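Going down the list, the sequences are from chains A and F. Take the first sequence: its letter number 105 is residue 105 in the numbering used here, and every next letter is one higher. To get the numbering used here, take the position in the second sequence, counting from 1, and add 264. Beta carbons are placed, not taken as given, at the ideal position from N, Cα and C, and that holds for glycine. Quick caveat, the model's predicted, so the values are computed rather than measured. Quick notes on the structure that follows.
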Amino acid sequence: MRWIRAHLVAIAGLLVLSYMLLPNIVVIVFSFNKPKGNYNYEWQRFSLDAWTNPCGTPGICDALGLSLRVGFIATLVSTILGTMVAFAIGRYRFRGRSSTNLLIFLPMATPEVVMGSSLLTLFIAMGIAPGTVTILIAHILFCLSFVVVTVKARIASLDPRLEQAAADLFANPFQAFIRVTLPLVAPGIAAGALLAFSLSFDDYIITNFNASPSSVTFPMFVWGASQRGTPVQINVIGTVMFLAALLLVATGQLISNRRAKTAA
Amino acid sequence: MTEWTSGDLRLTNVTKRYDTFTAVDQLDLVIPRGSFFALLGPSGCGKTTTLRMVAGLDQPTIGQIWIGLKDITETKAYQRNVNTVFQNYALFPHLSIIDNVAFGLRRRKVSDHKAKAMEALELVQLAHIATKKPGQLSGGMQQRVALARAIVNRPDVLLLDEPLGALDLKLRRQMQIELKMIQSEVGITFVHVTHDQEEAMTMADTIAVMNAGRLEQVGDPATLYEHPKSTFVANFLGQSNLLEATVKSRDGSIAELDVHGVSLRLPVDRLENGASAVWLGVRPEKLRLVANGSAPDGTGDSNRLTGVVTDASFTGLATNYLVRLPWGQELMVVQQNDGTSRVAAGAQVTLGWAPEHGFALDAKQDAHAGAQDQADDSGAA
């Protein structure tokens, strides 16, 4: 009884963690399955078939490639644009600043179905055929808000006196930005970029509205495939994505730990 | 216009106006090259705004700022050969100590920046922590790094914005001495902004007392203390007893003043020509306190007042008394703990002081100006 009382917080923490991570574990475990039929829902026996042939299901690697390309470009563009917007809102007083601030939030608050369908309406009205380009435009649009919000928070926590100190120490505005402001805001920009990529890679609803049969992203492929069966390769790619994310976070943690240590 | 030489920092008619108030009002100031100059005043008096205008971080609404023969009013902060030690140091958290110190040298493309930065760190005795980050340093260490980061550039003027405000009392005393030593070692003009009168008096060659955007008085610490020109200076620098007085006669070098029917004396040169109604001021430690009846003659001084002790508090170094005069006013008296017998509350006493220890101020001024400001600030510090 006393033991439980002493470790209650740790127990609760572990329970929550396992609740959060159980789906990932299932995905990983079932990537080693050899299902009987088309559906990978029941454990049969251990196999490396899917791991040795991850592109074995027709179209899956094309879809993955498209998702990675779209994710990369959308992340790049929305991070650059979003960072600039965040600086404008965070650092300058101008007409329409507070309304900009509010409007930036709107895409985050709009239901995805609404945004996806209205974007499609817009593209058709403008005579733009749905495809990779429309997917990209849509992804940049909704990633932008998240980047702005993340970077803006970082800028707000920045001491403006540091830039004044840089100016006092002979740094012109460009040098002060490169040497002082940007390095200090960088963690916020990196967080915004990671968020943007995972949002873009993950998005199904908006993408589905604005895609063509020749522009199938990975989530669309998974959804489409699941109508007829769930190939094990989906689990393989899911596992790889999960491990890649884990690796990224762990590396970041390691670097910041080492930095703190060498400084000490 | 005061005399000036090349390299002096001069402010001519400098004014900073914001929408609703004037932070600095027609400031004229010459800060001699190589001096340790203090801008002293309560919070909101415009001293920090003045400093920021010299640094180039704020633009004066009107007026000019000169260093020697060069008008720097229009130049940007990064173009000025002026460096600042910021109030909370503003060290770059992502850079190591050595990179912080070398920052200015690098921007100016000084070739041996690393060696020079190390030299500056040695000057503040912090060479051993060159590779650490600011976050790992104590407040006192950060303060020295900020100083090294500014001094290493050998600026024409070094600005210090309440640099010791965040340190505890003991460390502050230590840094005051250290700052003064460093200043005489490097010979750079130091302009030190502070609200702490003791700090200003300890460190500065010259003090400019500011109040509500204007200069009250400029002078060396002793002159400001012994001969304040306004009630604000009299109350802000130490404490003063101000007595309502009218000038009765001027006889040679001594003037006779009437204070509630008591005749008191003051050297004539302390009075402005033609002044009739004045505040007669005397510092608490200049008053000698003698219990009535303890000596046949009271005090040996020519100015005397009698009263009743209403409060006596022993601080070790001295005893602080409050003495109520017949017309109800209470005077502060500080009696050094030098063996003179102490007096208890309720005792009838005679206060005496030498005429030359008095000073006179224009009676039109508020007798309490500056007293409250000082109490507030020392409470906050």
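According to DSSP, is residue i part of a helix, a strand, or is it coil?
i, result
"L424(F)", "strand"
"M465(F)", "helix"
"F578(F)", "strand"
"A631(F)", "coil"
"T342(F)", "The amino acid at residue 342(F) is misidentified as Thr; the sequence shows Tyr. Three-state result, Y342(F): helix."
"Q227(A)", "coil"
"A519(F)", "strand"
"N213(F)", "Given a span of 265 to 645 for chain F in the structure shown, any question on residue 213(F) remains unanswerable."
"E480(F)", "strand"
"L401(F)", "coil"
"N33(A)", "strand"
"L333(F)", "coil"
"G238(A)", "helix"
"Q253(A)", "helix"
"L544(F)", "strand"
"N537(F)", "coil"
"T207(A)", "helix"
"G116(A)", "helix"
Which residues mark the beginning and the end of the alpha helix (DSSP H) in which residue i is found?
i, result
"W51(A)", "49-52"
"M445(F)", "433-450"
"H377(F)", "377-387"
"V455(F)", "Premise fails: V455(F) lies in the beta strand (DSSP E), 453-458, not in any alpha helix (DSSP H)."
"P160(A)", "160-168"
"N101(A)", "97-109"
"Y489(F)", "485-490"
Could you check which residue in the options has the C-alpha nearest to that of residue i?
i, options, result
"N537(F)", "G525(F), S513(F), I441(F)", "S513(F)"
"T79(A)", "A245(A), V9(A), M108(A), H139(A)", "H139(A)"
"T579(F)", "V597(F), R568(F), D565(F), P590(F)", "V597(F)"
"G229(A)", "P23(A), L21(A), I25(A), N40(A)", "N40(A)"
"A624(F)", "A412(F), L304(F), T495(F)", "T495(F)"
"K152(A)", "T110(A), P173(A), G116(A), A86(A)", "A86(A)"
"A244(A)", "S256(A), P213(A), S198(A)", "S198(A)"
"R316(F)", "N584(F), T337(F), N601(F)", "T337(F)"
"T348(F)", "L422(F), T604(F), K493(F)", "L422(F)"
"F356(F)", "G308(F), Q407(F), Q389(F), H377(F)", "Q407(F)"
"D432(F)", "R413(F), A609(F), G404(F), L443(F)", "G404(F)"
"H524(F)", "L507(F), L535(F), S540(F), I518(F)", "L507(F)"
"V149(A)", "M84(A), M126(A), L162(A), L254(A)", "M84(A)"
"L337(A)", "T110(A), I137(A), P111(A)", "It is not possible to answer for residue 337(A), since the shown part of chain A is limited to 1 through 264."
"Q593(F)", "T574(F), E620(F), L528(F)", "T574(F)"
"F170(A)", "Q343(F), A539(F), K550(F), E620(F)", "Q343(F)"
"E549(F)", "I415(F), A412(F), L569(F), T583(F)", "T583(F)"
For residue i, collect the residues of the same chain with a Cβ closer than 6 Å to its Cβ; drop the 5 residues on either side in sequence, then sort them by chain order.
i, result
"Y204(A)", "P219"
"L595(F)", "N505, V587"
"F142(A)", "P107"
"L120(A)", "F209, N210"
"L646(F)", "There is simply no residue 646(F) to check, as chain F begins at 265 and stops at 645 in what is shown."
"N345(F)", "P419, D420"
"K444(F)", "M467"
"G634(F)", "F496, N499, F500"
"P54(A)", "Q233, V236"
"E267(F)", "With a pLDDT of only 49 at E267(F), under 50, the local geometry of the prediction cannot be trusted, and the value read off the model is given with reservation. Excluding positions up to five away in sequence, the list is empty."
"F30(A)", "N40, N235"
How would you list, in chain order, the residues of chain D whose beta-carbon sits under 7 Å from the beta-carbon of residue i?
i, result
"F170(A)", "The chain inventory of the structure shown lacks chain D, comprising the protein chains A and F."
Check for me: the beta strand (DSSP E) holding residue i runs from which residue to which?
i, result
"N505(F)", "505-515"
"N277(F)", "273-281"
"I295(F)", "286-295"
"Q44(A)", "Neither: Q44(A) is in no beta strand (DSSP E) and is coded neither H nor E."
"G622(F)", "622-626"
"L359(F)", "Taken as a continuous stretch (DSSP letters only), L359(F) belongs to no beta strand (DSSP E), as it is neither H nor E."
Can you tell me which residues form a DSSP beta bridge with residue i?
i, result
"S527(F)", "D522(F)"
"R588(F)", "V572(F), E594(F)"
"M474(F)", "L479(F)"
"I326(F)", "T279(F)"
"Q351(F)", "Q351(F) pairs with nothing; no bridge assigned."
"Q617(F)", "The sequence given here has Trp at residue 617(F), not Gln. In DSSP, W617(F) forms a bridge with N567(F)."
"F301(F)", "V455(F), T470(F)"
"R552(F)", "G616(F)"
"T583(F)", "F578(F), Q599(F)"
Going along the chain, which residues of its own chain have a beta-carbon closer than 7 Å to the beta-carbon of residue i, five neighbours each way excluded?
i, result
"A639(F)", "Confidence at A639(F) is low in this model, with a pLDDT of 46, below 50, so its placement is unreliable and no value can be given for it."
"R297(F)", "T269, G271, D272, T453"
"L64(A)", "F218, I237"
"A74(A)", "L136, H139, I140, C143, A196, S200"
"A391(F)", "M382, L385"
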